[in-house]
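Q: In my numbering, the protein residues as written are 1 to 229. Quick reminder that beta carbons are idealized off the backbone N, C-alpha and C, glycines included. None of these values were measured; they are calculated from a predicted model.
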Ligand code: DC
């Protein structure tokens, strides 16, 4: 990790808007983006490709360490490649998220992905999106945000997203899944989901996406991490 490269960590539960917000802030600043959840989702997908059981910790950690991934930009659209295949859609389903959450609870898998995540820290800066960016992966980051929203609001956002994509979904079952995933992510023994001691918590339940992006750029400017944005 290069200490002089500014890092903004954005942690929080699923559906709080981390992905969208991280992407927009990185774009506005011209910084790199680490979507750490994608690495857990890709590890879970690699396990399916290689017939590895979701509780075989040693084999999963080996897969995570050797993960053959690439994030090329194709015609302005970011793609997610695993072993040469575009898995951008496959890893975004609810089931893939559920498997990722199980895989992410295994300490050896988390350890295997640690350095790969730190390698994303490159000039001019990094926006790191995840659950343990501020607590474990980048503990010295100069600005740490814990982005949250009520479970009802997160389920509602996910429901609208799925509807837009033409996928049938039920709001009550999405809410249940979100609550179960929150519980697993918060209760696991290694790198549980929680705000870093020095994180700023931002509740997005009643905030629009542009309002959150503006607030984060303001905070970055206040800390002297960016100028003129
Ligand atoms: O952010 P996401 O929904 O793509 O993450 C998928 C799962 O991966 C989520 O249930 C928790 C886990 N995860 C994690 O444990 N640590 C991270 N830094 C990022 C994601």
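Whole angstroms are fine: how far does the CA of residue 56 sit from the CA of residue 41?
A: Whole-angstrom Cα-Cα distance: 16 Å.
Q: Three or more C-beta pairs closer than 8 Å, one from the segment 102 to 109 and one from the segment 27 to 43: is that the case here?
A: yes
Q: Given this structure, state the Cα-to-Cα distance separating residue 53 from residue 208, to the nearest angstrom.
A: 40 Å
Q: List the whole-angstrom C-beta distance separating residue 154 from residue 19, where the pair is believed to meet the contact cut-off of C-beta under 8 Å.
A: About 12 Å; that fails the 8 Å criterion.
Q: If residue 97 and residue 181 are in contact, beta carbons under 8 Å, what's the gap, nearest whole angstrom?
A: 7 Å
Q: Quick check: residue 144 and residue 196, are their CB atoms within less than 9 Å of each other?
A: Yes, the pair counts as a contact, with Cβ atoms nearer than the cut-off.
Q: How should residue 17 be labelled, buried or exposed, when 16 other C-beta atoms within 10 angstroms of its C-beta is the threshold for buried?
A: buried
Q: Checking the sheet assignment: what are the DSSP bridge partners for residue 130?
A: 11
Q: Would you kindly work out how many angstroms separate the C-alpha atoms of residue 150 and residue 46, rounded to a whole number?
A: Whole-angstrom Cα-Cα distance: 32 Å.
Q: Look up residue 85 in the DSSP assignment and say whether it is helix, strand or coil.
A: strand
Q: Can the beta-carbon of residue 60 be found less than 9 Å from the beta-carbon of residue 109?
A: yes
Q: Pick out the complete alpha helix (DSSP H) segments inside the segment 127 to 189, 4 residues or longer, and give them in chain order.
A: The qualifying runs are 151 to 164, 171 to 187.
Q: If you compare alpha carbons, which of 162, 199, 171, 211 is closest to residue 89?
A: Residue 89 has its Cα closest to that of 162, out of 162, 199, 171, 211.
Q: Can you tell me where the alpha helix (DSSP H) holding residue 204 begins and where it ends?
A: Counting along the chain, residue 204 falls outside any alpha helix (DSSP H), and DSSP gives it neither H nor E.
Q: What is the rounded straight-line gap between the Cα of residue 169 and the Cα of residue 4?
A: 45 Å
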